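Below is one structure, written out as structure tokens, with a few remarks after it.
Protein chains: 2
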Amino acid sequence: MSDGRREQILKKASELFRTKGYHGTTIRDISEASGILSGSLYTHIKTKEDLLFEITDRGAELFLRSLRPVVESDEDPVMKLRQAIVAHILVITDNLEAATVFFHEWKALTKKRRSIIQEKRDAYEGMWERILAEGEETGSFHPIDLKFARLFLLSAINGVYQWYDPKGELSPEEIGDRFTAILLSGFAGGKGEKSSDHRSTT
Amino acid sequence: MSDGRREQILKKASELFRTKGYHGTTIRDISEASGILSGSLYTHIKTKEDLLFEITDRGAELFLRSLRPVVESDEDPVMKLRQAIVAHILVITDNLEAATVFFHEWKALTKKRRSIIQEKRDAYEGMWERILAEGEETGSFHPIDLKFARLFLLSAINGVYQWYDPKGELSPEEIGDRFTAILLSGFAGGKGEKSSDHRSTT
DNA sequence: TTGAAAAACAAGCGCTTGCTTGGTTTTATG
DNA sequence: CATAAAACCAAGCAAGCGCTTGTTTTTCAA
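Spelled out as structure tokens, the structure:
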């Protein structure tokens, strides 16, 4: 049952780091939430920072693993973009705490570990840039500034973790579809003049 | 010179809160950066949280004040959207530290003060929604889910604080124009087939 | 049922935290 | 130049921090 306890501690720590931040959360907060005394925590972890690293690193891996098959597929770029967006949003909505910690708290890591996460972030952003580059090369997208388009796109979809409500009316897939629609066609267009439907086949 | 010192302390605190977070920054960090002993800081402030609140509240006011004239003008909605986006980005780029603290650290405030900031955030988001609603009513924009469009839009432009480089090649206005172009027309469109230019008259 | 490993407790150590106090120096004004 | 207010320093307090230690309880295979 040792591993179950460890997972439970990671879960509670994720929740606390999400709401109070890493530095705002104490070892005693985590132990109390885990129904344990603070000293007993150290049967399962080495340091507080280990918790942050493990949560953050797992988050990074979730994003990487979910995007890889999309990038490597040979769908057309528009479909790839949609799939990538939905995949990203699903990682966030299925792992709200971990994703929030990954976005917000990774800077609290000390140098060495922060650079490990930084590398994974770079790799992830590189995968997005490949998708956009492919779309441009094949003529599916406007000629675009790749870096700028990627920054814009990722900022927009990363924001989901700040407002997503599991009990809300929009499913992750619906959110992803609407994002894709806006990104492809934009707001502009007169009344009634419906946008071409990019929402496609489920 | 009292007020000058206070402003200097606020500036140093902003920088530290930005890089290390509120809970990750100590009173001694701030006093050291201000060239003062930690006790002497209390000649100028009452508590550490006062610093956070003042920085955050000023940030909120900057956003509100810059958007108000845009909302109240009688430009057409497309132009209004562009002006609003540029205004927002200018607040960020002209006040990188304060804007970052405003986005990242306001949750560290205690209840009463957090709710003051929350109200200002709500007011700000309401102003954006008015712009979008007007665009839809006049037929400038597609029929859109207002709340969703606003969330998407604000997420995208808020991201600027995470990657903006004052020494970079893109000016705040150029960034705003590109945002506006993407938001209005999207990525989609074949090679060479240039997007209609929404970047307009400077 | 027994015995050793794993898990949890009880206590607290050394250090840092935000902040206070009492005295000294600097600054500005008549 | 006198002087009071403002700014600062030197010292340190009480509380909380991450983490360790020594001991007791729980778990579970032999």
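Going down the list, the sequences are from chains A and B.
Here the first sequence stands for residues 7 to 208, where the numbers follow our numbering.
Here the second sequence stands for residues 7 to 208, where the numbers follow our numbering.
Ideal Cβ placement from N, Cα and C applies to all residues, glycine included.
For clarity, every value in this text was computed on a predicted model and none was experimentally measured.
What are the start and end residues of the alpha helix (DSSP H) that includes residue i?
| i | result |
| --- | --- |
| B:Lys126 | 117-143 |
| A:Trp169 | 166-169 |
| A:Thr32 | Neither: A:Thr32 is in no alpha helix (DSSP H) and is coded neither H nor E. |
| B:Pro75 | 54-78 |
| A:Phe108 | 102-110 |
| B:Pro178 | 178-191 |
| B:Thr25 | 8-26 |
How should residue i be labelled, buried or exposed, when 16 other C-beta atoms within 10 angstroms of its C-beta is the threshold for buried?
| i | result |
| --- | --- |
| B:Arg184 | buried |
| A:Lys18 | buried |
| B:Ser201 | Low per-residue confidence applies at B:Ser201: pLDDT is 41, beneath 50, and the placement is therefore not dependable, though the value from the model is reported in the following sentence. Buried. |
| B:Gly141 | buried |
| A:Arg24 | buried |
| A:Ser20 | buried |
| B:Ser40 | buried |
| A:Thr31 | buried |
| A:Gly165 | buried |
| B:Ser121 | exposed |
| B:Thr62 | buried |
| A:Ser177 | exposed |
| A:Asp9 | exposed |
| A:Thr99 | buried |
| B:Leu22 | buried |
| A:Ser79 | exposed |
| B:Glu13 | exposed |
Rank the options by C-alpha distance to the C-alpha of residue i and give the top, closest one.
| i | options | result |
| --- | --- | --- |
| A:Glu103 | A:Gly27, A:Gly182, A:Ala194, A:Tyr48 | A:Gly27 |
| B:Ser146 | A:Glu111, A:Gly195, A:Phe59, A:Thr25 | A:Gly195 |
| B:Ala162 | B:Ser177, B:Gly182, B:Glu13 | B:Gly182 |
| A:Glu179 | A:Val97, A:His50, A:Arg156 | A:Val97 |
| B:Glu175 | A:Ala187, A:Arg119, A:Lys153, A:Lys52 | A:Lys153 |
| A:Leu190 | A:Gly165, A:Leu159, A:Asp128 | A:Leu159 |
| B:Arg71 | B:Arg12, B:Ala129, B:Ile33 | B:Ala129 |
| B:Ala54 | B:Lys173, B:Ser44, B:Ile33 | The amino acid occupying residue 54 of chain B in the given sequence is Lys; Ala does not appear at that position. Comparing Cα-Cα distances from B:Lys54 to each of B:Lys173, B:Ser44, B:Ile33, the minimum goes to B:Ile33. |
| B:Arg127 | B:Thr144, B:Pro172, B:Ile91, B:Phe108 | B:Phe108 |
| A:Ala93 | A:Lys117, A:Lys113, A:Met133 | A:Met133 |
Please find out if some non-hydrogen atom of the ligand ZN comes closer than 7 Å to the beta-carbon of residue i.
| i | result |
| --- | --- |
| A:Leu102 | The ligand content of the structure shown is nil, which means the ligand ZN is not present either. |
Residue i and residue j look like a contact to me (Cβ under 8 Å); what is the Cβ gap, rounded to whole Å?
| i | j | result |
| --- | --- | --- |
| A:Leu57 | A:Leu16 | 7 Å |
| A:Thr186 | A:Leu87 | 6 Å |
| A:His148 | B:Phe193 | 6 Å |
| A:Tyr3 | A:Thr106 | What the structure shows of chain A is the stretch from 7 to 208, and residue 3 of chain A is not part of that stretch, so it cannot be assessed. |
| B:Arg156 | B:Glu125 | Actually they do not touch by this definition, with Cβ atoms about 17 Å apart. |
| A:Phe59 | A:Arg119 | 5 Å |
| A:Trp112 | A:Ile123 | 5 Å |
Worksheet item: Do three or more CB pairs link the stretch 31-50 of chain A to the stretch 67-77 of chain A at distances below 8 Å?
Response: no
Item to complete: Evaluate the contact criterion for the stretch 80-88 of chain A versus the stretch 133-150 of chain A: three or more CB pairs, one atom per stretch, below 8 Å.
Response: yes
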